[in-house]
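In what follows, a single structure is set out as structure tokens and then discussed.
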Amino acid sequence: MIVRRLNDCIASEREVKGPTWVSRRMLLKNDRMGFSLHDTILYAGTVTEMEYKHHLESVYCIDGTGELESLVTDERWAIEPGTMYALNKHDRHRLHAHTELRMVCTFNPPLTGLEIHGPDGAYPADPELDAPVSKG
Ligand code: 9YT
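Using numbering that gives the first Met the number 0, the letters of the sequence shown map in sequence onto residues 0 to 135.
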């Protein structure tokens with residue numbers, strides 16, 4: 000059993016900051032659950048552009064309001080508590096935080112720990128998953 004509290008993650012190596020967000024990574028790859036689980040705050044008034052080329056992500060809003068914009072189809076959706084979106088096609092997208100947003104996110108495959116967005120809006124692939132299979 001793993002029991003971990005948000006307060007254990009804040010101000011620890013599990014708390015990772017980007018320019019528009021802070022994320023408390025409550026489950027990571029080395030917990031061996033097959034996904035990672037994050038409690039992420041996006042700062043009010045920010046826009047974050049992302050494209051998780053190497054991951055599937057689901058995001059569940061538990062506080063705040065904003066707007067999600069698909070950069071594939073140009074669709075827009077209001078974000079409010081109780082809204083979930085899943086990037087099942089690795090869709091490039093923007094998240095507009097009208098107020099501070101608090102989002103619970105899962106990543107498959109799990110993040111390993113310290114990833115921050117590259118210039119392309121992605122997190123790098125897990126090198127262990129991309130390693131060539133040895134044929135010996
Ligand atoms: C909504 C969102 O920003 N998802 C990405 C997760 C978070 N930024 C993190 O843990 O890196």
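Glycine is no exception: its CB is placed at the ideal position from the N, C-alpha and C atoms. Note that the structure is a prediction, hence the values are computed from the model and not measured.
message = Does the segment 26–44 come into contact with the segment 101–121, if we say contact requires no fewer than three beta-carbon pairs (one atom in each stretch) closer than 8 Å?
response = Yes, the segment 26–44 is in contact with the segment 101–121.
key: Identity of the residues DSSP links to Cys60 by a beta bridge   = What you label residue 60 is simply residue 61 of the sequence shown in a count that begins at 1. Answer by DSSP bridge pairing, in chain order: Met102.
request  = Taking Arg3 and Met25 to be in contact with their CB atoms under 8 Å, please state how far apart those CB atoms are, rounded to whole angstroms.
outcome  = Walking along the sequence shown from the start, residue 3 turns up at place 4. Walking along the sequence shown from the start, residue 25 turns up at place 26. Confirmed, about 6 Å.
ask   = What first and last residue would you give for the beta strand (DSSP E) that runs through Asp7?
value = Here the question's residue 7 lines up with position 8 in the sequence shown. From DSSP, Asp7 is part of no beta strand (DSSP E) but of the alpha helix (DSSP H) over Leu5 to Cys8.
inquiry  = Less than 8 Å between the C-beta atoms of Thr47 and Thr19, yes or no?
reply    = In the sequence shown, residue 47 corresponds to position 48, counting from 1. In the sequence shown, residue 19 corresponds to position 20, counting from 1. Taking 8 Å as the Cβ cut-off, Thr47 and Thr19 qualify as a contacting pair.
request  = Confirm the yes/no value for this check: CB of Leu113, any heavy atom of the ligand 9YT, distance under 7 Å.
outcome  = As a first step, residue 113 must be located in the sequence shown, where it is residue number 114. No - the ligand 9YT has no heavy atom lying nearer than 7 Å to the Cβ of Leu113.
query = Anyone know if the C-beta pair for Leu70 and Trp76 falls short of 8 Å?
reply = Translated into positions along the sequence shown, residue 70 becomes position 71. Translated into positions along the sequence shown, residue 76 becomes position 77. Taking 8 Å as the Cβ cut-off, Leu70 and Trp76 do not qualify as a contacting pair.
request  = My understanding is that Ala43 touches Ala96, with C-beta atoms under 8 Å, so please give their C-beta distance in whole angstroms.
outcome  = Counting from 1 along the sequence shown, the entry for residue 43 is found at position 44. Counting from 1 along the sequence shown, the entry for residue 96 is found at position 97. Contact holds; Cβ gap of about 6 Å.
ask   = Going by the beta-carbon positions, is the gap between Glu56 and Gly120 smaller than 8 Å?
value = Along the sequence shown, one-based indexing puts residue 56 at 57. Along the sequence shown, one-based indexing puts residue 120 at 121. No, the pair does not count as a contact, with Cβ atoms beyond the cut-off.
ask   = Regarding His54 and the ligand 9YT, is the C-beta to nearest heavy atom distance less than 7 Å?
value = Taking the sequence shown and counting its residues from 1, one reaches residue 54 at position 55. No, Cβ of His54 sits at least 7 Å from all heavy atoms of the ligand 9YT.
message = If contacts are defined as beta-carbon pairs under 8 Å, then Pro109 and Lys28 qualify, I think. What distance do you get, rounded to the angstrom?
response = On the sequence shown, residue 109 is found 110 positions in, with the first residue counted as 1. On the sequence shown, residue 28 is found 29 positions in, with the first residue counted as 1. Rounded, the Cβ-Cβ distance is 4 Å, consistent with contact.
inquiry  = Please identify the residue among Glu114, Ile78, Arg93 and Asp73 whose C-alpha is closest to the C-alpha of Tyr59.
reply    = One-based indexing of the sequence shown puts residue 59 at position 60. Nearest option by C-alpha distance: Ile78.
message = If you follow the beta strand (DSSP E) that Ala77 is in, where does it begin and where does it stop?
response = On the sequence shown, position 78 is the one that residue 77 refers to. Ala77 -> beta strand (DSSP E) spans Arg75 to Ile78.
key: Neighbourhood of Ile115 by C-beta, 7 Å cutoff - its chain only, sequence neighbours within 5 removed   = As a position in the sequence shown, residue 115 is number 116, starting the count at 1. So the qualifying residues of the chain are Val15 and Gly17.
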